[in-house]
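Student: Before anything else, here's the structure in question.
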Amino acid sequence: PLKATGEADVHFDTHEDAVAAMLKDRSHVHHRYIELFLNSCPKGK
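Numbering (our numbering), first residue to last: 1260 to 1304.
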């Protein structure tokens, strides 16, 4: 059986969407603290 780690990979359609999601870094969703790591770059880079 898999153990829940609380980690997830999230994919966005655009780099800009990923950057916008980073505004939620180090915030709380309900009772859960979230920490985000950007693994994206603008096209052409």
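Beta carbons are placed, not taken as given, at the ideal position from N, Cα and C, and that holds for glycine.
Taking the beta strand (DSSP E) that V1288 belongs to, which residues open and close that run?
Tutor: Here residue 1288 refers to the residue found at position 29 of the sequence shown. 1286-1288 is the extent of the beta strand (DSSP E) around V1288.
Student: What span of residues does the alpha helix (DSSP H) with H1274 cover, start to end?
Tutor: Within the sequence shown, the letter at position 15 stands for residue 1274. That run of the alpha helix (DSSP H) goes 1274-1280.
Student: What residues in its chain sit with their C-beta under 6 Å from that of M1281, if we drop five residues either side in the sequence?
Tutor: On the sequence shown, position 22 is the one that residue 1281 refers to. Once the five neighbours on either side are set aside, the close Cβ partners of M1281 are L1295, L1297.
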